[in-house]
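Each residue of the sequence shown is one higher than the last, beginning at 1 in the UniProt record's numbering. Working notes for the structure below.
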Amino acid sequence: MDLLNTLVDKGLRRELPTREEALAVLATSDDDLLDVVAAAGKVRRHWFGRRVKLNYLVNLKSGLCPEDCSYCSQRLGSTAGILKYTWLKPDEASQAAAAGLAGGAKRVCLVASGRGPTDRDVDRVSETIRTIKDQNEGVEVCACLGLLSDGQAERLREAGADAYNHNLNTSEGTYGDITTTHTYADRVDTVQKAHGAGLSACSGLIAGMGESDEDLVDVVYSLRELDPDSVPVNFLIPVEGTPLAKEWNLTPQRCLRILAMVRFVCPDVEVRIAGGREVHLRTMQPLALNLANSIFLGDYLTTEGQAGKADLEMIADAGFEVEGTDQVTLPEHRTETAGGGCGSHEAAGCGSHGGAGCGSSHEGAGCGSHEGGGVCGTAAAAAAPVNEARTDLVAVRRRGAGTDLAPNA
Ligand code: SF4
1 MDLLNTLVDK GLRRELPTRE EALAVLATSD DDLLDVVAAA GKVRRHWFGR RVKLNYLVNL
61 KSGLCPEDCS YCSQRLGSTA GILKYTWLKP DEASQAAAAG LAGGAKRVCL VASGRGPTDR
121 DVDRVSETIR TIKDQNEGVE VCACLGLLSD GQAERLREAG ADAYNHNLNT SEGTYGDITT
181 THTYADRVDT VQKAHGAGLS ACSGLIAGMG ESDEDLVDVV YSLRELDPDS VPVNFLIPVE
241 GTPLAKEWNL TPQRCLRILA MVRFVCPDVE VRIAGGREVH LRTMQPLALN LANSIFLGDY
301 LTTEGQAGKA DLEMIADAGF EVEGTDQVTL PEHRTETAGG GCGSHEAAGC GSHGGAGCGS
361 SHEGAGCGSH EGGGVCGTAA AAAAPVNEAR TDLVAVRRRG AGTDLAPNA
């Protein structure tokens, strides 16, 4: 297929595809799907080999957010039965982080619900970052605390944060349909603040919220322009008690096309499969490792993922390997120019950005980041009729941070 040969050539040269080419990837037929995966897989292997970076989410503060992001179980007015708790103490967060690191993760994503941190919150998180770094040598830490005010990114950087996650989530044109309490421009500003402070920027999207193909291409092109080191791709998890609870319209095939498009447009960045991996890719998860080079291990912010052991087995069975702390995530040209050098595990460097950046974003069950959603665009999800809640597929997190039960890692 000429389209795919062109996209592979451009991906290997880091050349931006045209919008028409990106849209054409989303419009490919099921007959062509394996060819699309194989082509994007060549680009993925060129820049990242067969390594898979594991990231681990620690939800520092859960629920009770004053913002109204429609996809999020922690939003204002959410009736989702999620865990709600205030800030974890530094030792509690470090203990949760250690479980993820013992399970194979190299990055810990510290996430808190809310519009953005107060200066006191930044002090609190700074202490947590220092505790985690003292107790876990070589760990990369990404913070995901919402919109940043002037000077806060610099303070997080001084405390040892390697990266900062804040997702764009959707296109500028549809942002107002998803959230009314802050703007798309607010989000762009925070990503730029993180970048300007020398943090490795992590910023991604949520697919599956009713957006068009054009919207998806718009947000991915905006991300390419912002140039984060990592791009988490969430597939909407429609959580009961949120406005998008009935948006079940993604298929595994649609998710694979979206990941392939993101890889072609952002060929040399850490593309992370974030929230919704198990729910929407289902048995196609291993195929998606040919497109993304990063995933979250274990659970998400407010929902449960598959067992950490199953994640590791899937990676091995598919012929990939877990990236070690002695391996640099990003290609050399990015670690030379990146502020924090995500992917570089140098003292000043990040190490990488978020499986979404954090990738998970400080958003809840549908966090903006590690919780996602996904729009189908093609056929309805095979496992469920559209417009019906699927409590059988979505389990609210009941273990790990904020509970007395052991975390999933
Ligand atoms: S995504 Fe973040 S800001 Fe939006 S409602 Fe959820 S926790 Fe609040």
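Glycine included, C-beta positions come from ideal geometry on N, C-alpha and C.
- Tell me whether Arg75 counts as near the ligand SF4, meaning its Cβ is closer than 6 angstroms to at least one heavy atom of that ligand. At least one heavy atom of the ligand SF4 is nearer than 6 angstroms to the Cβ of Arg75, so yes.
- So what does Lys53 bridge to, in DSSP terms? Paired residues: Ser294.
- Of all the options Thr118, His166 and Ser94, which has the alpha carbon lying nearest to the alpha carbon of Leu226? Comparing Cα-Cα distances from Leu226 to each of Thr118, His166 and Ser94, the minimum goes to His166.
- Cβ-heavy atom distance between Cys202 and the ligand SF4 below 6 angstroms? Outside the cutoff, so no.
- Look up Val231 in the DSSP assignment and give the residues it is bridged to. Paired residues: Val271.
- Query: Any idea if Cys72 is buried or exposed, counting beta-carbon neighbours within 10 angstroms, 16 or more meaning buried?
  - Reply: Buried is the call here.
- Task: Note down, one range per segment and in chain order, each alpha helix (DSSP H) of at least 4 residues found wholly within the region 103-138.
- Result: List check, alpha helix (DSSP H) in window: 119-135.
- Task: Indicate the three-state DSSP secondary structure (helix, strand or coil) for Leu330 in the structure shown.
- Result: Here Leu330 sits in coil by DSSP.
- Message: Between which two residues does the alpha helix (DSSP H) holding Ala201 run?
- Response: DSSP places Ala201 outside any alpha helix (DSSP H); the residue lies instead in the beta strand (DSSP E), whose first and last residues are Ser200 to Cys202.
- Query: Measuring CB to CB, does Thr170 end up less than 7 angstroms from Glu214?
  - Reply: Against a cut-off of 7 angstroms, the Cβ pair of Glu214 and Thr170 comes out as no contact.
- Query: Hey, how far is the Cα of Val43 from the Cα of Val8?
  - Reply: Rounded to whole angstroms, Val43 to Val8 spans 6 angstroms at the Cα level.
- Task: Would you mind working out which of Ala161, Thr391 and Gln135 sits nearest Ala143, comparing C-alpha positions?
- Result: When only C-alpha atoms are compared, the closest one is Ala161.
- Query: Quick one: is the Cβ of Ser113 within less than 6 angstroms of any heavy atom of the ligand SF4?
  - Reply: Result yes, Cβ under 6 angstroms from the ligand SF4.
- Determine the DSSP secondary structure at Ser62, reduced to helix, strand or coil. Here Ser62 sits in strand by DSSP.
- Please specify which runs of the alpha helix (DSSP H), each continuous and at least 4 residues long, are wholly inside the region 177-218, giving them in chain order. Taking only runs of at least 4 residues, the alpha helix (DSSP H) segments lying wholly in the region 177-218 are 184-196.
- Could you spell out where the beta strand (DSSP E) holding Asn249 opens and where it closes? That residue, Asn249, is in no beta strand (DSSP E); it is neither H nor E in DSSP.
- Query: If you draw a straight line from the alpha carbon of Gln253 to that of Ser62, how long is it in whole angstroms?
  - Reply: Answer to the nearest angstrom: the Cα atoms are 32 angstroms apart.
- Query: If you check the beta carbons only, do Leu57 and Leu301 fall under 7 angstroms apart?
  - Reply: Judged by beta-carbon spacing, Leu301 lies within the 7 angstroms limit of Leu57, meaning their Cβ atoms are closer than that value.
- Task: Using only the heavy atoms of the ligand SF4, determine whether one of them is closer than 6 angstroms to the beta carbon of Cys65.
- Result: At least one heavy atom of the ligand SF4 is found less than 6 angstroms from the C-beta of Cys65.
- Message: Between the region 108-118 and the region 143-157, can you find at least three pairs of beta-carbon atoms closer than 8 angstroms?
- Response: Counting Cβ pairs under 8 angstroms, three or more are found: they touch.
- May I have the straight-line CA-CA distance separating Gly402 from Val188, to the nearest angstrom? In this model, Gly402 and Val188 are separated by some 31 angstroms (Cα to Cα).
- Taking the DSSP output, what are the residues bridged to residue 429? Here the chain covers residues 1 to 409 and nothing more, so residue 429 does not appear.
- Message: Tell me which residues share the same chain as Val191 and place their Cβ nearer than 6 angstroms to its Cβ, disregarding the 5 neighbours each side in the sequence.
- Response: Result list for Val191: His166, Ala201, Ser203 and Leu226, in chain order.
- Item | Neighbourhood of Arg277 by C-beta, 8 angstroms cutoff - its chain only, sequence neighbours within 5 removed | Contacts found: Phe235, Gln285, Ala288, Ile295, Phe296 and Gly305.
- Message: Helix, strand or coil for His345? Go by DSSP, reduced to three states.
- Response: In this prediction, His345 scores a pLDDT of 30, lower than 50, which makes its location untrustworthy; no coordinate-derived value is stated.
- Express the C-alpha separation of Ala96 and Pro407 in angstroms, rounding to a whole number. The alpha-carbon atoms of Pro407 and Ala96 are separated by roughly 7 angstroms.
- Query: Which of the three DSSP states, helix, strand or coil, is assigned to Thr335?
  - Reply: DSSP places Thr335 in helix when its eight states are reduced to three.
- Message: Measuring only the C-alpha atoms, how far is Leu405 from Arg397?
- Response: Rounded to the nearest whole angstrom, the C-alpha separation of Leu405 and Arg397 is 11 angstroms.
- Would you check if the distance between the CB atom of Lys84 and the CB atom of Glu140 is smaller than 7 angstroms? Not in contact: Lys84 and Glu140 (Cβ atoms no closer than 7 angstroms).
- Query: Applying the criterion that 16 or more other CB atoms from any shown protein chain within 10 Å of the CB defines a buried residue, is Ala185 buried or exposed?
  - Reply: Here Ala185 is exposed, its C-beta having fewer than 16 other C-beta atoms within 10 Å.
- Between the CA atoms of Arg282 and Ala307 - distance to the nearest angstrom: Computed Cα separation, rounded: 14 angstroms.
- According to DSSP, is Glu304 helix, strand or coil? The answer is coil: DSSP assigns Glu304 none of H, G, I, E or B.
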